[in-house]
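In this note's numbering, the protein residues as written are 38 to 296. Idealized CB from N, CA, C, for every residue including glycine. Comments concern the structure below.
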Amino acid sequence: ELWVAEGKDGGAGAWRWVSPEVAKDGCAAPPARLGHAAATVGRNVYVFGGRASTGGGDGAVADSDDMYRIEVVHSPHWPFSPEYTVKYTRIDYGAGPCARSYHAMIPSGHHLYLFGGCGPAGRLADLHRFDTRFDTWTDLGTSSLSGRGGAALMSLGGGDRIAAVAGFAGRETGDSQTYDVRAGEWDGEASDVAGLSPRSVCAAATGLDGGRTVLFGGEVGPSAREHEGAGSFEDDCLLFDGATGEVEEVVRRGPDGEG
């Protein structure tokens, strides 16, 4: 199911959750899943892949390579019509990334960049670009990073470079490598990020003021079940420079619970 978080100016109670009505001119909502990736370009949310039930009733799951465009529309005629409607479109994109879960995806201009994840043959370290104007994928090659799930992606230099950071590769990692969009190649070799403790499946928000990226928390001690379980977690917040991808500041929770 899908929910819309609506924010308004003000203090307490300024945010609320809304469950939109499904438009009749779209397809059905994507099947239930986890480990998928979602990113927004313009008014549309794009969802790719994830791990879902095979439907056999035996609890078996499989990774997916399906992709959906989700358009949420606020009605100017509310309350005489549904306040929000959502239209789902399954995208028939032809050739593209293999089925996967726990991958990362971010927007940059009218493109989406997708990195890594866990595929049928193991963990991945490849990068793909999706053009939302033509619904086509381009394979940008594989980095020198070890294959991983739960990585973070950052857009640097106004979209000129894409950095893949951290993730779980059989162990928690804190390294990074950058893809040069203009040159069409990966820069140098992977290297550790100063100030970043190894982690995976953290929350990242890119494209903030000055092109900065904020990364919060993540798993820093893996589960014995790897991607199937939960380990130990961090609650720090890291601010990355929008040009270099270097850590500018680390904010940790204080002893009184304030950060």
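Please state whether the Cβ-Cβ distance between Gly-186 and Phe-171 is less than 8 Å. no
Counting Cβ pairs, one atom from each stretch, are 3 or more of them under 8 Å apart for the segment 214-221 and the segment 238-245? no
Pick helix, strand or coil for Asp-273, following the three-state DSSP scheme. strand
So the beta strand (DSSP E) Val-55 belongs to, where does it begin and stop? 52-55
Proximal residues to Gly-87 (C-beta, below 7 Å), its chain only, five neighbours per side dropped: Arg-70, Leu-71, Gly-72, His-73, Ser-101 and Ser-138
Beta-carbon proximity check, Asp-273 vs Val-284, cutoff 8 Å: no
Please state whether DSSP places Asp-197 in a helix, a strand or coil. coil
Enumerate in chain order the residues of its own chain whose CB-to-CB distance from Val-98 is below 7 Å, with the five nearest sequence positions on each side excluded. Arg-88, Ala-89, Ser-90 and Thr-91
Between Phe-85 and the rest of its own chain, which residues show a CB-CB distance below 7 Å, the 5 nearest in sequence each way excluded? His-73, Ala-74, Met-104, Met-142 and Leu-151
Taking only three categories from DSSP, how would you classify Gly-87? strand
Which of the three DSSP states, helix, strand or coil, is assigned to Gly-244? coil
Which same chain residues, not among the five before or five after Ala-280, have their C-beta less than 8 Å away from its C-beta? Leu-193, Gly-194 and Gly-248
Can you look up Trp-40 in the DSSP assignment and give me helix, strand or coil? coil
Leaving out five residues before and five after Trp-40 in sequence, what residues of the same chain have Cβ atoms less than 6 Å from its Cβ? Trp-54 and Ser-56
Thr-215 bridges to which residues according to DSSP? Ala-200
When DSSP builds the beta bridges, which residues end up paired with Lys-124? Glu-108
Quick one: measure Cβ to Cβ for Leu-149 and Thr-169, integer angstroms, because I've assumed they're closer than 8 Å. 7 Å
What separation, rounded to the nearest whole angstrom, lies between the Cα atoms of Glu-209 and Val-238? 10 Å
Do Arg-166 and Leu-182 have their beta-carbon atoms positioned less than 8 Å apart in this structure? no
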